[in-house]
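One rule links them: number in this note's numbering = place in the sequence shown (from 1) + 174.
Quick reminder that beta carbons are idealized off the backbone N, C-alpha and C, glycines included.
Scroll down for the structure; my scribbles are underneath it.
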Amino acid sequence: MSYAVLFPGQGSQNKDMLEPYLKDPIFSGILEQSSQILGYNIIAAVEDESKLNNTLYTQPIMVAVTYAMWCVWREKSPDLPSYAAGHSLGEYSALVANGFISLEDCLNLVVIRAKSMLEAMDGIDGGMAAVIGLNSNDIESVCDELSTDKELIQAVNFNSEKQIVVAGHMNIIKNSVSSFKSKGAKLVKVLPVSIAAHTTLMNECSDILRKLLNNMTNNFENILFPIIHNVDANQHVSADDTVDALCKQVNSPVLWTKTIEHIKQMNITNFVEIGPGNVLSGLNKRIANDITTMSISNYENINDALEMN
Numbered sequence: 175m176s177y178a179v180l181f182p183g184q185g186s187q188n189k190d191m192l193e194p195y196l197k198d199p200i201f202s203g204i205l206e207q208s209s210q211i212l213g214y215n216i217i218a219a220v221e222d223e224s225k226l227n228n229t230l231y232t233q234p235i236m237v238a239v240t241y242a243m244w245c246v247w248r249e250k251s252p253d254l255p256s257y258a259a260g261h262s263l264g265e266y267s268a269l270v271a272n273g274f275i276s277l278e279d280c281l282n283l284v285v286i287r288a289k290s291m292l293e294a295m296d297g298i299d300g301g302m303a304a305v306i307g308l309n310s311n312d313i314e315s316v317c318d319e320l321s322t323d324k325e326l327i328q329a330v331n332f333n334s335e336k337q338i339v340v341a342g343h344m345n346i347i348k349n350s351v352s353s354f355k356s357k358g359a360k361l362v363k364v365l366p367v368s369i370a371a372h373t374t375l376m377n378e379c380s381d382i383l384r385k386l387l388n389n390m391t392n393n394f395e396n397i398l399f400p401i402i403h404n405v406d407a408n409q410h411v412s413a414d415d416t417v418d419a420l421c422k423q424v425n426s427p428v429l430w431t432k433t434i435e436h437i438k439q440m441n442i443t444n445f446v447e448i449g450p451g452n453v454l455s456g457l458n459k460r461i462a463n464d465i466t467t468m469s470i471s472n473y474e475n476i477n478d479a480l481e482m483n
């Protein structure tokens, strides 16, 4: 039987996410190693919500915690996944899990990613909003109509057919609410973030990541399993292509629906979501409801997921 693993991104963090796993020595060991790399205690940072929800902390913490959960799963599962995908930041967790880059390199890279994303928004009032119940064509049409030479709004996360996130300048995002609703959107929810992730406002961040990744050691020849990338919903057959996909990801839309559909075509029997929360499991109810998805954010669910495989 073949299965695919899914790694969640920023937004899935919560202050209780460590509790189910803390007694596991593998999990605790990875957290200790990650804390040493980052220079602060991850457990203490998770307990401090002001840090947990600060992008500078959130991104590396999510990668560390998700990877720690993966290591627990890897120890217990007799089989490797056939494919993997990570939603936005989760793609970095996937690349550590499959061995493309080391945990230390990945955490250092993600710290710089977070800093450069914040710096890209310096002096810009930006944000994101979730549009529910409207198709992608109508959403992109509204974005095209409202964007100007000075301010923009772009569709950035294609999470499911009728759940799409837009991002850009907050002024246009607020003005877009009535336009989306007039087109038939059931709900437009402005998200509590100030970064216009996956828009062209992140172009400089993409350039910074490319310089770093081009000088970073990778282990593409010995990866454990292929990753289906956000930027084009495809797997890549060289280290250079993998680096290119990762660099483009930060300033390009997350094609999550197409990513899951691609994996479904590979005849997998089920999905396992590895990381805090169950956001991706929820999305799969809309995208892949014919295939079972199991979240192991709760330690007790691991055995159920293993039996499913």
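What first and last residue would you give for the beta strand (DSSP E) that runs through Gly361? Stepping through the sequence shown from its first residue, residue 361 is reached at position 187. According to the sequence shown, residue 361 is Leu rather than Gly. Here the beta strand (DSSP E) through Leu361 covers 361 to 364.
With the cut-off set at 8 angstroms, would you say Leu263 and Val237 are in Cβ contact? Translated into the one-based positions of the sequence shown, residue 263 becomes position 89. Translated into the one-based positions of the sequence shown, residue 237 becomes position 63. Yes, they are a contact pair.
Using only the alpha-carbon positions, how far apart do Ile476 and Val179 sit? One-based indexing of the sequence shown puts residue 476 at position 302. One-based indexing of the sequence shown puts residue 179 at position 5. Each residue's alpha carbon lies about 13 angstroms from the other.
Is it true that the CB of Leu292 sits closer than 8 angstroms to the CB of Ala242? To locate residue 242, count along the sequence shown from 1; it is residue 68. To locate residue 292, count along the sequence shown from 1; it is residue 118. 8 angstroms or more divides the Cβ of Ala242 from the Cβ of Leu292.
Sort Leu254, Phe274, Lys250, Thr240 by Cα distance to His261 and report the nearest one. Stepping through the sequence shown from its first residue, residue 261 is reached at position 87. Closest by alpha carbon: Thr240.
Rounded straight-line distance, which links the Cα of Leu420 to that of Pro255: As a first step, residue 255 is located in the sequence shown; it is residue number 81 there, counting from the start. As a first step, residue 420 is located in the sequence shown; it is residue number 246 there, counting from the start. Whole-angstrom Cα-Cα distance: 21 angstroms.
Within the present structure, is the beta-carbon of Gln423 separated from the nearest heavy atom of the ligand ZN by less than 7 angstroms? Among the components modelled here there is no ligand, and therefore nothing to report on the ligand ZN.
Determine, using beta-carbon pairs with one atom in the region 369 to 376 and one in the region 296 to 306, whether at least three such pairs fall under 8 angstroms. yes
Once the 5 residues before and after Ala215 are set aside, which same chain residues still bring their CB inside 6 angstroms of it? For the purposes of this step, residue 215 is taken as the residue at position 41 of the sequence shown. The sequence given here has Asn at residue 215, not Ala. Only Ser209 meet the Cβ criterion.
Whose CA, out of Leu457, Gly456, Ser469, lies closest to the CA of Ile448? Along the sequence shown, read from residue 1 onward, the residue named residue 448 stands at position 274. The shortest Cα separation from Ile448 among Leu457, Gly456, Ser469 belongs to Ser469.
For Ser412 and Gly358, what's the separation of their Cα atoms in angstroms? Indexing the sequence shown from 1 puts residue 412 at position 238. Indexing the sequence shown from 1 puts residue 358 at position 184. Cα to Cα, the separation comes out at about 43 angstroms.
DSSP-derived helix/strand/coil call for Ser209: As a working mapping, residue 209 is identified with position 35 in the sequence shown. Reduced to three states, the DSSP call for Ser209 is helix.
Less than 8 angstroms between the beta carbons of Leu361 and Gly307, yes or no? Along the sequence shown, read from residue 1 onward, the residue named residue 361 stands at position 187. Along the sequence shown, read from residue 1 onward, the residue named residue 307 stands at position 133. Yes, Cβ-Cβ distance for Leu361 and Gly307 is below 8 angstroms.
Kindly list the residues whose CB is nearer than 8 angstroms to the CB of Asn282, restricted to its own chain and excluding five residues on each side of it in sequence; keep chain order. For the purposes of this step, residue 282 is taken as residue 108 along the sequence shown, with counting starting at 1. Excluding sequence positions up to five before and after Asn282, its CB lies within less than 8 angstroms of the CB of Ile211, all in the same chain and listed in chain order.
His372 - DSSP class collapsed to helix/strand/coil: If you number the sequence shown from 1, residue 372 lands on position 198. It is coil, neither helix nor strand.
Given Phe394 as reference, the closest of Ile275, Phe201, Ile235 once Cα atoms are compared: In the sequence shown, the residue the question calls residue 394 occupies position 220. Closest option to Phe394, Cα to Cα, is Ile275.
Who does Val339 pair with in a DSSP beta bridge? Mapped onto the sequence shown, residue 339 falls at position 165. Ala304, Asn331.
What do you reckon, are the CB atoms on Lys438 and Ala462 nearer than 8 angstroms? Within the sequence shown, numbered from 1, the residue matching residue 438 stands at position 264. Within the sequence shown, numbered from 1, the residue matching residue 462 stands at position 288. Yes, Cβ-Cβ distance for Lys438 and Ala462 is below 8 angstroms.
For Val284, tell me which candidate among Ala271, Ser267, Gly451 has the shortest Cα-Cα distance. Your numbering for residue 284 matches position 110 in the sequence shown. Selected option, being the one with the closest Cα: Ser267.
With DSSP as the reference, identify every bridge partner of Leu180, one or two as the case may be. Position 6 of the sequence shown, counting from 1, holds the residue named residue 180. Per DSSP, Ala259, Glu447.
Does the pairing of the region 180 to 187 with the region 440 to 455 give three or more beta-carbon distances under 8 angstroms? Output reads yes: the region 440 to 455 touches the region 180 to 187.
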